[in-house]
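S.K.: After the structure tokens below, expect a handful of questions from me.
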Ligand code: NAI
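Numbering (full-length UniProt numbering), first residue to last: 48 to 390.
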């Protein structure tokens, strides 16, 4: 379904201003796979703060017991449980509503996200097989890079298991939106809380396409500003990788962005009918089978892909959109081929 009408672009804040729609008791179960890592730990903390979560299941191959013990002392509603190693994965996933996957290795200076493919593709495939067996109806949020390939890998695994529901599979690109909003607010001196920039395409290099012509509030950019801001948003991950100088990639801003996406998903599950986020999803917006764009999220996942933002693009954006397609297509096909070669 492609939604053509206009829609509310109110910013999706991490903690909504009002919880008036929330039921009296927190009721959703969230699992984080890779919870002991650089993203996993702060993400677990932020999700522990959610009034919508009743159970927080933390899974990793090591070091997750202490994280869970530590978090369990926070006096927020959710019960925290730890699960270590493959033998505990099935129990971790039982009856879970949202599964978040930041498991895998991050970039080091000089690496592209695609350089992570060989390690992370297998990790994601194995974890998703367990998701398919134990909580096939859950929303799945893929953070592990390269997202442009790990999301198609996830779809193929779920198809093979006969449980693929494209509405419930999300590649997390929220950090690109968070960065775009921050950088535009700084550059143009507008109130951060008001800024809303859709980011489309994918989640690596030139496949990340911020649509500055669709900025809310409407802002004028010179051609040079568009080029500089676009390049900064596309390379922001590398900015962090270089600053960390070998100690990993973005973790804190990523945890913030992923927590916002989890909160939006939980609000949608809880009946809020006004939830919009950008995400890398199965899509018929372009000729590519997966594409990041703004989507409307409801109780059953993606209810509509917003097509209006791809209309009336600037000449610069039109060119950038065409330029990103071959790279994104290759990454998607690489992911699909990775699963198909096993049969
Ligand atoms: P990290 O190395 O600090 O943590 C990864 C965690 O995954 C570790 O605790 C590790 O034990 C765990 N792990 C490894 N194999 C596992 C398995 N088979 N099952 C369960 N857990 C396993 O890495 P970090 O910084 O947390 O990054 C994680 C991933 O997120 C990387 O692939 C990184 O590229 C990606 N990332 C994605 C972003 C996005 O915008 N989507 C932004 C930043 C990072």
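The C-beta atom is built at its ideal place from N, Cα and C for all residues, glycine as well. Quick caveat: nothing in here was measured; it's all calculated off a predicted structure.
Can you tell me whether residue 121 is buried or exposed, with buried defined as 16 or more other CB within 10 angstroms of its CB?
M.R.: Here residue 121 refers to the residue found at position 74 when the chain shown is read from its first residue. Classification for residue 121: exposed.
S.K.: From residue 227 to residue 99, what distance separates their C-alpha atoms?
M.R.: Taking the chain shown and counting its residues from 1, the one referred to as residue 227 is at position 180. Taking the chain shown and counting its residues from 1, the one referred to as residue 99 is at position 52. Their Cα atoms are separated by approximately 28 Å.
S.K.: How do the segment 73-93 and the segment 296-312 stand: do at least 3 beta-carbon pairs fall below 8 Å, yes or no?
M.R.: Yes, they touch.
S.K.: Consider the C-beta atom of residue 303 and the heavy atoms of ligand 1; say whether any pair is separated by less than 8 Å.
M.R.: Translated into the one-based positions of the chain shown, residue 303 becomes position 256. It does not: the Cβ of residue 303 is nowhere closer than 8 Å to a heavy atom of ligand 1.
S.K.: Kindly give me the distance between the Cβ atoms of residue 251 and residue 159, rounded to whole angstroms, as I take these residues to be in contact under 8 Å.
M.R.: Position 204 of the chain shown, counted from the start, is the residue given in the question as residue 251. Position 112 of the chain shown, counted from the start, is the residue given in the question as residue 159. That belief holds up - the Cβ atoms of residue 251 and residue 159 are roughly 7 Å apart, short of 8 Å.
S.K.: Whose C-alpha, out of 103, 168, 144, is nearest the C-alpha of residue 316?
M.R.: One-based indexing of the chain shown puts residue 316 at position 269. Of 103, 168, 144, the residue nearest in Cα terms is 144.
S.K.: Go through its chain and collect everything with a Cβ distance to residue 175's Cβ below 6 Å, but skip five positions before and after it.
M.R.: Numbered from its first residue, the chain shown carries residue 175 at position 128. 201, 204.
S.K.: Tell me whether residue 357 counts as near ligand 1, meaning its Cβ is closer than 8 Å to at least one heavy atom of that ligand.
M.R.: Position 310 of the chain shown, counted from the first residue, corresponds to residue 357. No, Cβ of residue 357 sits at least 8 Å from all heavy atoms of ligand 1.
S.K.: Less than 8 Å separating the Cβ of residue 228 from some heavy atom of ligand 1?
M.R.: To locate residue 228, count along the chain shown from 1; it is residue 181. Residue 228: no, Cβ never under 8 Å from ligand 1.
S.K.: Would a C-beta distance cut-off of 9 Å place residue 341 and residue 247 closer than the cut-off?
M.R.: By one-based count along the chain shown, residue 341 stands at place 294. By one-based count along the chain shown, residue 247 stands at place 200. Closer than 9 Å, so yes.
S.K.: Nearest CA to the CA of residue 89: which residue from 137, 195, 161, 304?
M.R.: Position 42 of the chain shown, counting from 1, holds the residue named residue 89. Ranking 137, 195, 161, 304 by Cα distance to residue 89 puts 304 first.
S.K.: Using a Cβ distance threshold of 8 Å, determine whether the segment 208-226 contacts the segment 319-328, with at least three qualifying pairs required.
M.R.: They touch, by the three-pair rule.
S.K.: Can we count residue 307 as close to ligand 1, meaning its CB is less than 8 Å from some heavy atom?
M.R.: Locating residue 307 in the chain shown gives position 260, where the first residue counts as 1. Every heavy atom of ligand 1 is 8 Å or more from the Cβ of residue 307, so no.
S.K.: Give a yes or no on whether the C-beta atoms belonging to residue 195 and residue 379 are separated by under 9 Å.
M.R.: Here residue 195 is taken as the residue at index 148 of the chain shown, counted from 1. Here residue 379 is taken as the residue at index 332 of the chain shown, counted from 1. Yes, the Cβ-Cβ distance between residue 195 and residue 379 is below 9 Å.
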